[in-house]
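Enquirer:
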Amino acid sequence: SIQKIGLVRFNPFKEIGGNQSFSVALLDGNDSGIVVTSLYSREGNRVYGKPIEKGVSNYLLSEEEKQVLEIAKKNAENIKSKLNQSATGSGGSGTY
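Sequential numbering of the sequence shown, starting at 27, is according to my numbering.
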């Protein structure tokens, strides 16, 4: 099941603004899952999926894809911490 999520929006081409392209990492507790990247341009949109096994891909990852994997791992730690705070009644903002 998905336990770790990371998202990065970016501009892969100088002539396109608005951060309309993105990479998202969806990982389980063993850091296995998928990274999906969508690249937007005036000519069209391309979507790529790259499998991840224990935090590693057999495919070359872009800088944004590497970044989103690290974000997913850190978000999982933050979510666990906030869930523990909520369970013990010590607060937490609810932002994950």
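Heads up, the beta-carbon is just placed ideally off N, CA and C, and yes, glycines get one too.
#1: Name the two residues that bound the continuous beta strand (DSSP E) containing S88.
#2: To the nearest angstrom, how far is the alpha carbon of V94 from that of S27?
#3: Find out if the Cβ-Cβ distance for the pair I78, V62 is shorter than 8 Å.
#4: Please name the residue in G55, Q46, D54, N56 whose C-alpha comes closest to that of S64.
#5: Since E90 and V50 are thought to touch, with beta carbons under 8 Å apart, how far apart are those beta carbons, to the nearest angstrom?
#6: Tell me whether E79 sits in a helix, a strand or coil according to DSSP, three-state version.
#7: Tell me which residues share the same chain as P38 and place their Cβ nearer than 7 Å to its Cβ, disregarding the 5 neighbours each side in the sequence.
#8: From E96 to G32, what does the alpha carbon distance come to, in whole angstroms?
#9: Distance, Cα to Cα, Y85 vs K76?
#10: Return the CA-CA distance between K100 and E69, expressed in angstroms with no decimal places.
Expert: On the basis of the supplied data:
#1: What you label residue 88 is simply residue 62 of the sequence shown in a count that begins at 1. Counting along the chain, S88 falls outside any beta strand (DSSP E), and DSSP gives it neither H nor E.
#2: On the sequence shown, residue 94 is found 68 positions in, with the first residue counted as 1. On the sequence shown, residue 27 is found 1 positions in, with the first residue counted as 1. Near 18 Å, if we compare the C-alpha coordinates of S27 and V94.
#3: Walking along the sequence shown from the start, residue 78 turns up at place 52. Walking along the sequence shown from the start, residue 62 turns up at place 36. Contact annotation: I78 and V62 have beta-carbon atoms that are not nearer than 8 Å.
#4: The sequence position of residue 64 within the sequence shown is 38, counting from 1. Of the candidates G55, Q46, D54, N56, the one whose C-alpha sits nearest the C-alpha of S64 is Q46.
#5: Indexing the sequence shown from 1 puts residue 90 at position 64. Indexing the sequence shown from 1 puts residue 50 at position 24. Contact flag wrong, Cβ pair sits at about 10 Å.
#6: Locating residue 79 in the sequence shown gives position 53, counting from the first residue. When secondary structure is reduced to three states using DSSP, E79 falls in the strand class.
#7: Walking along the sequence shown from the start, residue 38 turns up at place 12. Excluding sequence neighbours, P38 sits near S47, L65.
#8: The residue given as residue 96 occupies position 70 in the sequence shown. The residue given as residue 32 occupies position 6 in the sequence shown. Each residue's Cα considered, the two are about 8 Å apart.
#9: By one-based count along the sequence shown, residue 85 stands at place 59. By one-based count along the sequence shown, residue 76 stands at place 50. Separation of Y85 and K76 (C-alpha to C-alpha, rounded to the nearest whole angstrom) is 7 Å.
#10: Position 74 of the sequence shown, counting from 1, holds the residue named residue 100. Position 43 of the sequence shown, counting from 1, holds the residue named residue 69. Going from the Cα of K100 to the Cα of E69 covers about 35 Å.
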